[in-house]
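Visitor: So that we are looking at the same thing, I have put the structure below in structure tokens.
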Amino acid sequence: MPDAQVFDVVVVGSGGGAMTAAHLAQKRGLSTVVVEKTDKLGGTSAYSGGACWLPGSAVQQRAGIADSTDSARRYLAAILDNPDADRIAAFLDEAPRLVAALEEDPALEFEWLPFPEYFEAPGRVSWGRSIQPVKVRRDDLPDGVGDLVRPPVERDRAGEGGRATLSGGQALIARLLWAFLRDGGAVLTGHCVDTLLQEGDRVAGVRATTTAGAVEVRARRGVVVAAGGFERNPQWRQEYAVPGDAAWTMAPRGTNTGEPIGAAVALGAATDLLDQGWFCPGLEQPDGGGSFTLGFRGGVIVDQHGRRYANECLPYDRFGRAMAEAADRIPSWFVFDAREGGRLPAIAMPEGDPDAHLAAGTWVRADSLEELAAALDLPALLETLQRFNGFAAAGVDEDFGRGTDEYDTFFATGEGPNKALVPVDQPPYVAARFVLSDLGTKGGLVTDARGRVLRADGTAISGLYATGNSSASVVGAVYPGPGAPLGTAMTFASLAVQDLAGQDLAAQDTDRSGGQQRE
Ligand SMILES: Cc1cc2nc3c(=O)[nH]c(=O)nc-3n(C[C@H](O)[C@H](O)[C@H](O)COP(=O)(O)OP(=O)(O)OC[C@H]3O[C@@H](n4cnc5c(N)ncnc54)[C@H](O)[C@@H]3O)c2cc1C
10 MPDAQVFDVV
20 VVGSGGGAMT
30 AAHLAQKRGL
40 STVVVEKTDK
50 LGGTSAYSGG
60 ACWLPGSAVQ
70 QRAGIADSTD
80 SARRYLAAIL
90 DNPDADRIAA
100 FLDEAPRLVA
110 ALEEDPALEF
120 EWLPFPEYFE
130 APGRVSWGRS
140 IQPVKVRRDD
150 LPDGVGDLVR
160 PPVERDRAGE
170 GGRATLSGGQ
180 ALIARLLWAF
190 LRDGGAVLTG
200 HCVDTLLQEG
210 DRVAGVRATT
220 TAGAVEVRAR
230 RGVVVAAGGF
240 ERNPQWRQEY
250 AVPGDAAWTM
260 APRGTNTGEP
270 IGAAVALGAA
280 TDLLDQGWFC
290 PGLEQPDGGG
300 SFTLGFRGGV
310 IVDQHGRRYA
320 NECLPYDRFG
330 RAMAEAADRI
340 PSWFVFDARE
350 GGRLPAIAMP
360 EGDPDAHLAA
370 GTWVRADSLE
380 ELAAALDLPA
390 LLETLQRFNG
400 FAAAGVDEDF
410 GRGTDEYDTF
420 FATGEGPNKA
430 LVPVDQPPYV
440 AARFVLSDLG
450 TKGGLVTDAR
460 GRVLRADGTA
470 ISGLYATGNS
480 SASVVGAVYP
490 GPGAPLGTAM
500 TFASLAVQDL
510 AGQDLAAQDT
520 DRSGGQQRE
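For the sequence shown, our numbering gives the first residue as 10, with consecutive numbering after it.
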């Protein structure tokens, strides 16, 4: 094995939490390396909209949104089950400080993102508390930065490169990477971390598999595991009973299979919430994949008998959880009419080509609802649609209250008495097959308010930190609002870096021979 490279901090993974940790550590003068399994940086974070749920930030105040950390505390208290009070307090206190620290850097610009929160509960802020990175042109980034960032999902899945302008999650990763490299940070791609190295009882580096064999990367201060969940690992999903399927997840192919979580468990780390994910309805693709779908503007979703079972306009995680409640809801069928010219009246990432769907049978089209019901063997479909069209005419969904919440109407375009209720009455009709997808699992390593990984007895494993979907989520089984995965991942990354930076290194080997290297 070649000589180990040595840094102060080793960050495993390159999503929003990882890159925040890397940028903040390097900025503090700690030599830092990002160790990434694939040849692109950003993981699922790069596919994301880049919304960051960071309550009480200056960005939000600048946009004139009346909010305080206290109202976010009330909101979380109302919606979370058994929250860890210390971690919630740490998240809420740190979130505005993190945004201020990020905005000190000229590479990092944020703006408010209007998007409703996911629960009607005390403390909810209308139009939300999320912020997003300002988009950035590839040409305005330093050479090579844009090319290292994973392209948007529709292009990545098709094997295409990124766009001329990077927005959402790509802008977030690109901007953090820009600052990190400018400050002398190092990146190792094509390194799959599968082992954590120890010196005494301190985690002191990682071992990674590369095409050239095993490589060791040493960490003088510690390792931050921010390598996503295990959504792409079918065995673990089955073992821990995560609803859905590895084939239907939104994580990029070849990414999150959980090796770093397993490596931490091998050192005695505790885990929690292993059956949990950030769920969503997924449009099934002809190749068996799933596409995150939200913003339903028309149509109804029915089970295998042709019955509705939830408000289709629910925030996606809540709809996904409704899908998971009964076996006859996976797959479901999304039945819509010709109002949008045969395209899906919803936002699917990606939607795919309607003709390819029809050829593959993931979409079925018929000239009448009778024919559609017969083709799919959905005996209750006609009655369901008759009832739904009555609700649309009256403006009231008596069964599931669609159109009563601000989230329901955010995407709605209907012209009737309730704009979220649009009749399904214009042939031809299409039924699109829907599966239970996810934006990642969110069970993993148990961490404390400083991002330190804990053993089952509550003691911290020295030198080991975790954030993002590698850790058991601070919000448990709940998805509070847009940007919660990234916002919480970035905040605990910041707290972990503060802990790492504050360590007393007097007793440790302070050999500074490791340099800033790039592969
Ligand atoms: C279309 C879409 C839109 C979304 N929009 C939002 C949004 O606006 N806001 C929001 O908060 N969330 C959003 N999400 C969800 C969010 O993107 C993810 O849940 C979150 O970004 C996961 O972050 P992560 O850092 O834990 O994992 P990831 O971003 O997936 O990063 C993990 C990285 O670690 C690498 N890795 C894995 N294993 C190893 C290993 N063994 N060694 C080295 N590297 C490894 C992976 O290759 C990957 O690059 C969205 C998701 C999708 C799909």
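Beta carbons are placed, not taken as given, at the ideal position from N, Cα and C, and that holds for glycine. Values in this document were obtained by computation on a predicted structure and should not be read as measured data.
Once DSSP output is grouped into helix, strand and coil, what is the label at L353?
Guide: Residue state, collapsed to three classes: coil.
Visitor: Quick one: give me the first and last residue of the alpha helix (DSSP H) that A228 is part of.
Guide: A228 -> not in any alpha helix (DSSP H); beta strand (DSSP E) instead, spanning 222-234.
Visitor: Is R71 helix, strand or coil by DSSP?
Guide: In the structure shown, R71 sits in a helix (DSSP, three-state: H, G or I).
Visitor: Quick one: does the C-beta of E268 sit closer than 7 Å to a heavy atom of ligand 1?
Guide: True, at least one ligand heavy atom lies under 7 Å from that Cβ.
Visitor: Looking only at its own chain, which residues have a Cβ that is under 6 Å from the Cβ of E528, when we skip the five neighbours before and after it?
Guide: Interpretation of E528 is limited by its pLDDT of 32, a score under 50 that renders its predicted location unreliable; the figure taken from the coordinates is listed afterwards. L197, listed in sequence order.
Visitor: Can you list, in chain order, the residues of its chain with a C-beta nearer than 7 Å to that of R274? Leave out the 5 residues immediately preceding and following it.
Guide: Note that residue 274 corresponds to Val in the displayed sequence, not to Arg. Excluding residues within five positions, the ones whose Cβ falls inside 7 Å are T280.
Visitor: By Cβ distance, which residues of its chain are closer than 8 Å to E169, with the 5 residues on each side in sequence left out?
Guide: Correct list, in chain order: P160.
Visitor: Which two residues bound the contiguous beta strand (DSSP E) that contains S503?
Guide: Here S503 belongs to no beta strand (DSSP E); instead the alpha helix (DSSP H) covers 493-511.
Visitor: How about T456 and A475: are their beta carbons less than 8 Å apart?
Guide: Yes. Within cutoff.
Visitor: Suppose you measure from the CA of R262 to the CA of N242; what does that come to, to the nearest Å?
Guide: R262 and N242: Cα-Cα distance of roughly 11 Å.
Visitor: Is it buried or exposed for T29, if we count other Cβ within 10 angstroms and need 16 for buried?
Guide: With 16 or more other Cβ atoms within 10 Å, it is buried.
Visitor: Kindly list the residues whose CB is nearer than 6 Å to the CB of T519, restricted to its own chain and excluding five residues on each side of it in sequence; keep chain order.
Guide: Per-residue confidence for T519 stands at a pLDDT of 37, beneath the threshold of 50, marking its modelled position as unreliable; the derived number appears in the next sentence. Nothing meets the Cβ criterion.
Visitor: Answer with buried or exposed for G253, where buried requires no fewer than 16 other C-beta atoms within 10 angstroms of its C-beta.
Guide: Looking at its Cβ environment, which holds 16 or more other Cβ atoms inside 10 Å, G253 is buried.
Visitor: Among the candidates G399, A331, W257, whose CA atom is the shortest distance from the CA of Q432?
Guide: First, the residue type needs correcting, since residue 432 is Pro and not Gln in the sequence shown. When only C-alpha atoms are compared, the closest one is G399.
Visitor: Let me see if you follow: with CB-CB separation under 8 Å, is T53 close to chain B or not?
Guide: Note that chain B does not occur in the displayed structure, where there is just one protein chain.
Visitor: Is the distance from the Cβ of L323 to the Cβ of A441 below 8 Å?
Guide: Not closer than 8 Å, so no.
Visitor: Helix, strand or coil, according to DSSP, for T280 in the structure here?
Guide: Note: T280 maps to strand in three-state DSSP.
Visitor: Closer than 7 Å to a non-hydrogen atom of ligand 1 - does that hold for the CB of W136?
Guide: False, no ligand heavy atom lies under 7 Å from that Cβ.
Visitor: Please report the straight-line C-alpha distance between Q525 and R191, rounded to a whole angstrom.
Guide: Low per-residue confidence applies at Q525: pLDDT is 32, beneath 50, and the placement is therefore not dependable enough to give any value.
Visitor: For a minimum of 3 consecutive residues, which ranges assigned as the beta strand (DSSP E) are wholly contained in the stretch 348-404?
Guide: List check, beta strand (DSSP E) in window: 356-358, 372-375.
Visitor: Can you give the beta carbon distance from A104 to W187, rounded, assuming they're within the 8 Å contact cut?
Guide: Their Cβ separation, rounded to whole angstroms, is 22 Å, which puts A104 and W187 out of contact at 8 Å.
Visitor: If you measure from the CB of G361, is any heavy atom of ligand 1 nearer than 7 Å?
Guide: Incorrect: G361 has no Cβ contact closer than 7 Å to ligand 1.
Visitor: For the stretch 49-63 against the stretch 134-145, do three or more pairs of beta-carbon atoms, one drawn from each stretch, fall closer than 8 Å, so that the two count as touching?
Guide: Counting Cβ pairs under 8 Å, three or more are found: they touch.
Visitor: Answer with buried or exposed for D90, where buried requires no fewer than 16 other C-beta atoms within 10 angstroms of its C-beta.
Guide: Result: exposed.
Visitor: Less than 7 Å between C-beta atoms, sequence neighbours within five positions excluded: which residues of the same chain meet that for Q517?
Guide: Residue placement at Q517 is poorly supported in this model, since its pLDDT is 43, which falls under 50; the coordinates still yield a value, given next. Result list for Q517: R229, in chain order.
Visitor: Report yes if the CB atom of P536 is closer than 8 Å to the CB atom of V234, and no otherwise.
Guide: In this structure the chain extends from 10 to 528, so residue 536 is not present and cannot be described.
Visitor: Given the structure, does K144 come close to ligand 1, in the sense that its CB is under 7 Å from one of the ligand's heavy atoms?
Guide: K144 Cβ: outside cutoff for every heavy atom of ligand 1.
Visitor: Would you mind sorting R352 into buried or exposed? The rule is 16 or more other CB atoms within 10 Å of its CB.
Guide: R352 is exposed by the Cβ-count criterion.
Visitor: If you run the structure through DSSP and keep just helix, strand and coil, what is W62?
Guide: If DSSP states are grouped into helix, strand and coil, W62 belongs with the strands.
Visitor: Can you find the residues in the same chain that come closer than 7 Å, C-beta to C-beta, to R521, ignoring five residues on each side of it along the sequence?
Guide: Any reading at R521 must be qualified, since the residue scores a pLDDT of 32, below 50, and its modelled position is unreliable; the value itself is stated next. Closer than 7 Å at the Cβ level, and outside the excluded window around R521, lies no residue.
Visitor: What's the call for S377, buried or exposed, on a 16-neighbour Cβ count within 10 Å?
Guide: Exposed.
Visitor: DSSP puts I88 in a beta bridge; with which residues?
Guide: Answer is none; I88 lacks a bridge partner.
Visitor: Can you check which of these residues, G25, R464, D93, is closest to T500 by C-alpha distance?
Guide: The candidate whose alpha carbon is nearest that of T500 is G25.
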